[in-house]
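See structure below.
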Amino acid sequence: MKTIRAVLAAAFVVASFGMAVAKLPAPSPMTDTQKAEAKAKADAAADLVKQQQAKAEDRVAAQYFASMKAKGKAVPAPQMAAAAPVAVAAPAKAGARAKK
């Protein structure tokens, strides 16, 4: 009896989800302004990821050199300089968007 109730409940959930999704309207196409904002936001996120990756690499390298120096082992000098900080653009304010 419990199995039948569980199967019926699962069928009800699947059917109601299907009906809810079927009633959703299609998303409206993005305007040129929205496309530009999305591209700028994606570029800023990519730059931030690059900056965080560079900081993490520098931190790991510093820990490695410090631990090797503490052990008294000779470590060759790093071949590359530390990564320069990347300037991250501030996101556009909501009030600056084009009025409809």
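Residue numbers (my numbering): 9 to 108. All residues carry an ideal CB built from backbone N, CA and C; glycine is no exception. These numbers come from a predicted model, not from an experiment.
Look at residue 80 here: in three-state DSSP terms it is coil, with no helix or strand label.
Residue 81 and residue 74 have their alpha carbons spaced roughly 10 Å apart.
Rounded to the nearest whole angstrom, the C-alpha separation of residue 61 and residue 55 is 10 Å. If you look at residue 27, you'll find it in the alpha helix (DSSP H) that goes 10-30.
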